[in-house]
Structures are given as structure tokens and as C-alpha cells.
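Here's the structure, in C-alpha cells; my notes come after.
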Amino acid sequence: MTEGRIVWISVAILVCLFMAQRFGTDKVGYTFAPIICVWFIMIGGIGIYNFFKFDPAVIKAVNPAYIIQYFQRNKKDAWISLGGVVLAITGTEALFADVGHFTVRSIQISMCFMTYPALIFAYTGQASFLRKHNHLVSDTFYSSIPDHLYWPMFVVAVMASIIASQAMISGTFSIIQQSLSLGCFPRVKIVHTSTKYEGQVYIPEVNYLLMIACVGVTAAFKTTEKIGHAYGIAVVFVMTLTSAFLVLIMIMIWKSSILFIIAYVLIIGSVELLYLSSVLYKFDQGGYLPVAFALVLMTVMYVWNSVYRRKYYYELDHKISPERLKEIAVNTNFYRIPGLAMFYSELVQGIPPIFKHYIDNVPALHSVLVFVSIKSLPISKVPVEERFLFRRVEPREFNVFRCVARYGYTDVRNEHEPFEAMLVEKLKQFIRDDCWLSRMALTNGDGTESEHGNDENESAKQVDHEMHSEEAMEREIETVDKALRAGIVHLIGEHELIAAKGANIGKRIMIDYAYNFLKKNLRQTDKIFEIPHKRMLKVGMTYEL
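According to UniProt numbering, the sequence shown is numbered sequentially starting from 1.
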């Protein structure tokens, strides 16, 4: 097969692999797992066969004296060769990128009882084979396969190389999801494909971007040599950074002995830095690729997180005070129109400044207003009876409420789910419960006073108060029902973010250009909340950060 034909077949395989991701990690994993098990059994079995057939004496390679002699003979070339040696021990670390998709115990079992033994047997068998056939070093893997197993092994090897990419794709989805929950990545659609494991997710936008990147790299590099250099740098950087973070955990969480920490850094750190220096030698031969990707992603994450935090603190600093809300309530020039308005906000406490902007320009508001904050919880499902948390915003006659709608990662909200009807029903239930709690508080208070000799007038006042509170509750529920019949409108805040006057050029580039470019070209708020477009009204406001 020609090189061009191999590249196009590889591109077709990549496209098919990424198209299969939408079925979910569990379904794809159950399909691929038997093939991987066959792969490990075959390479381990062939390795044991070659070990006993050709030269069992290679077991002496565990003696560290041989690596010392190797460096003495080859010097600089031995150091450069470490960049290729590291590729022999890579690939298995992809297992640990999937801890969010599978349990820790399953990773430990598969690594200790399947992956690691099979790899050790395979490499030992190849070493034995090369002792008798050192002229076949460039094609050791396929040359060392017994003739009657060649074609079955060829098919399984091709399938295993395809499947090995699955772990990295699943790990990418998991990392993006965690970054998104920390406010470090632009909004993307996350599809949870498992009700049991939170980490099993599928992200359509990231899947297609990753597919385009992989196809582009395959078509540009054409051979595995440059891709190997890039992969080596990526893996060794991951190992080095992981060890650095582990040192922080030893110091801050485990409170390990300082002698143990120093020993870890000297032993593990020196080995990893030696490998890192070797792979960096091939930086200009494809090794620049993962570094370039990392710089692009870090830039996107830094810009988004920095501006996201500035916006959130701006809203906290400029939220409407209760006094200002009371002024609006008693303002005779302010009109109430029939209907129920849902005003979406990320703030759980306080009223966002965009509401003030709205009422300053439109001195009219619906008869019932609910500020809705939608929050995702790290559980599969939130029971309907626990989904909505309400709180009244004073003054009472203003009919303004706060609502936190809580969803699990497999809960779905869209036009077909009765979100509006559920919210209104729970709002009326909250009004009833609020009235009942008020009566209970009054009853408990009067009961305490009666022990000190309260007369019958107090009991009469209590009955009168209960009647008035019951009437107020009925009027409030009737107001909500009338507002529902008049119609529901969804108010969405559209924030335009610009750098404040006098900001330096770096801040202006980050906010005015980089962040706004990301915001305009990625998923919008109404798509995230899946709000019906026919009843949606966007309110625009400019934030000077």
C-alpha cells in the first residue's frame, strides 16, 4: 500500500471512530472491551512463546548494570534514544485519564492483572526474538509473530490501535466537563450517557473539533515518526506535571515526611526530567505540536475564566439592594402589566443589575416576577419535589420571588418538559407553606404568652390574624393564576462586555476581542437553558469591566 492510501484509510477510520462517540462511553466500551482483552492475551501469549523458544537468558536484563554500560558505550546517542524508549512505556497512562468514566478499583484490577503483565511478557518475548534475529529490529513486532497467527494478529492489532484512541477521547470529554464546571471553559453542550457514572459524557462540539484536529495532523504528518515525537513530549510532560502536583498533595494533604518527599523528588523527578530533556531534543521534528495545542487551549481557558470572574464580581457589586426594590414598589409611575415573567440570572443571592437597567428603560413589569437560577448538581437525578427552592423578595405586595431550579446531570429540560407548569405549581405550594409557617410561628408565640396569663382578646386576635393571612394567601394564589392565564415571558440578560475607560491594551484585547469572539461563536444562554423562542425576550446591557 502506498503512503497516500494509508493516510486516507487512517482518516476514514478516525471519522468513523469519532462518529461512534455519540452512543456513549459505556456502549462503546462494552463493544471494544472484548477486542482489547483478546489483544492483551495474544501479545502476552506470543511473548511467553518467544521467550522460551529463542533465549530465556534475556531475563538478565533486569540487572541495572546493563543500562550503565549502554550509556558508557553510546553516550549522547544513548541519551537521545531515551525519547524513543519512552514510547515503549506509553499508552497505558490513558487508563488513568478514565477514572471519571470507570471506578478506581476497575482501573487497578485491569492495570495490575491484565495490562502490565501482558506488556512485560510481550517486550520480553521480543527481546528474546531479537537475540536470534537482530537484523529484524525495524519490524520486530510483526516478525516475531508465529506464521499461523500472523493474519489474526494483524486484524486484532489494527482494531486495538483504533480502540486505544477511545481512552484519550473519553478523557478529553471528562477534562472539558470539569473545566466547564469550574468556569474555565466556554459553554458547550454536555450529554450524559450514563445514569450510574457522572463522568461518562459526550460533548458534540469538542468531539468534532477533536476529529478535525486528528484528521489534520494525520494528513499533514503522514508518517508515525513525527507523531511519535509529538506523543512522547505530551506524555512525558504529563508525567512530570503529575509528579509536581503529587508533591503538593504530599505536603498539603498527606503531611508526608520531608525526607520521603525529598527522596521522591530526587528519584522519580530525576528520571522524568532525564526523559523530558531527551524528548525535547526532537522538539522541531513534530514535538512542537502538543505544546502549540496546549498554548491555544490555555489561552482560551485563561481568557474565559478571567473575564467570567470579572463579570460575576461586577454583578455582585452592582446588584439591586432591598431598599431600591421598595422604592420601585411604591413608585406611582411604575406600571404592572398582566402576566408572569421569569428573569434568568446566575446570581443565587440578590437581584442582578440588568433588572435595574430594564426597569429604568421600561417602567412596567409583569404582575408576578420570578428570578430563576438554574444550577446543575453532581447527582444523576433531582426529585421533582426537591427541584425548586423559593424565597420571597420583600415587599410582599410586589409579588417578586427568587427560585433556584436544581437539576441532576441526567435530568432533561426542554420544550416538551412542563418546566413552566411545574415551577408555577411549586410556587403556589411555596405560598401555601409560607402562610402555614407564619401561622405556626404566631401560634407558638401566643402559646408561650398564654402561659404568662394572656386573656381571651389575644386568642381573638390570633383567629383574626389567621383569617387575614388565609385571605392574603388566596389573593396571592389568585394573582399567580391570573398571571399564568395572561401568559408567561422569559427574560434573558444579554451582556455586552467591554473594557472600562482607561484600561490597558492587554485588558482591552482580552475583553473586547478575545472573550467576545469566543462568546459570539459558542453556545448562547438560551440554547443552554433550552428556552422556547416564542416566549423569550432578551434584555441587553453593557458591562464596563
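All C-beta atoms in this analysis are idealised placements derived from N, C-alpha and C, irrespective of residue type, glycine included.
Being a predicted model, the structure only gives us computed values, none of them experimental.
Straight-line Cα distance separating residue j from residue i
i, j, result
"E451", "R432", "With a pLDDT of only 48 at E451, under 50, the local geometry of the prediction cannot be trusted, and no value is derived from it."
"N80", "I505", "Per the sequence shown, residue 80 should be read as Ile rather than Asn. When rounded, the distance between both Cα atoms is 43 Å."
"E385", "E225", "58 Å"
"Y70", "L180", "47 Å"
"G453", "Y543", "At G453 the pLDDT is 48, less than 50, meaning the model places this residue with poor confidence and gives no usable figure here."
"L209", "L119", "32 Å"
"I212", "I13", "13 Å"
"A234", "P290", "6 Å"
"T218", "P204", "21 Å"
"S138", "I43", "18 Å"
"V191", "Y30", "19 Å"
"M473", "L427", "12 Å"
"E496", "C112", "53 Å"
"I379", "L347", "21 Å"
"E494", "I107", "45 Å"
"V307", "N521", "16 Å"
"V201", "K189", "10 Å"
"E394", "Y313", "24 Å"
"I9", "A164", "17 Å"
"V156", "V11", "19 Å"
DSSP bridge partner residues for residue i (one or two, in chain order)
i, result
"M536", "H490"
"I351", "I320"
"H495", "M541"
"R402", "F371 and R391"
"A364", "Y335"
"H192", "V201"
"Y407", "S376"
Where the beta strand (DSSP E) containing residue i begins and where it ends
i, result
"I337", "Y335 to Y344"
"R392", "F388 to V393"
Per-residue burial, residue i [other beta carbons within 10 Å of its own, 16 or more giving buried]
i, result
"T2", "exposed"
"K381", "exposed"
"E470", "exposed"
"H366", "buried"
"residue 586", "The chain is shown only over 1 to 545; residue 586 falls outside these bounds and no answer can be derived."
"Y335", "exposed"
"L316", "exposed"
"N207", "buried"
"Q178", "exposed"
"T448", "Confidence is the limiting factor: at T448 the pLDDT is only 48, short of 50, which leaves the residue's position unreliable, though a coordinate-based value still follows. Counting Cβ neighbours within 10 Å, T448 comes out exposed, since fewer than 16 surround it."
"W151", "exposed"
"W254", "exposed"
"T124", "buried"
"E415", "With a pLDDT of only 46 at E415, under the threshold of 50, the placement of this residue in the model should not be trusted, and no figure is reported."
"M510", "buried"
"Y358", "buried"
"E476", "buried"
"M440", "exposed"
Closest by C-alpha distance to residue i, when choosing among the options
i, options, result
"I492", "V11, A57 and I354", "I354"
"F32", "K76, P378, A167 and A118", "A167"
"K326", "F129, Q72 and V400", "V400"
"L423", "M440, E474 and I374", "I374"
"G487", "K534, L518, I511 and Y513", "K534"
"G45", "L149, R131, G24 and D77", "L149"
"residue 558", "I267, F221, M19 and A220", "Residue numbering for the chain in the displayed model covers 1 to 545; residue 558 lies beyond these limits and cannot be assessed."
"D147", "V265, P64 and N50", "N50"
"S321", "Q349, G339 and S345", "Q349"
"V85", "V201, Y231 and A20", "Y231"
"Y344", "I145, K538, L136 and S128", "K538"
"V271", "R73, D77 and V236", "V236"
"Y275", "H229, G24, R22 and N63", "H229"
"Q126", "S243, M114, L87 and K53", "K53"
"F154", "I35, P186, F185 and F121", "I35"
"Y515", "V215, V156, V58 and M301", "M301"
"V58", "A263, L518, A503 and R131", "R131"
"I337", "K76, V104 and R485", "R485"
"L518", "R187, I251 and D55", "R187"
N-terminal and C-terminal residue of the alpha helix (DSSP H) that residue i is part of
i, result
"T240", "T224 to I249"
"K507", "I505 to R508"
"W254", "Taken as a continuous stretch (DSSP letters only), W254 belongs to no alpha helix (DSSP H), as it is neither H nor E."
"V137", "Run containing V137: none; DSSP gives neither H nor E here."
"G171", "Y150 to S181"
"C16", "E3 to M19"
"Y275", "S270 to L280"
"V85", "K76 to A88"
"R105", "V104 to S110"
"L266", "Run containing L266: none; DSSP gives neither H nor E here."
"N521", "N516 to N521"
Residue i beta carbon near the ligand MG (any heavy atom closer than 7 Å)
i, result
"V156", "With respect to the ligand MG, the structure shown offers nothing to examine, as it has no ligands at all."
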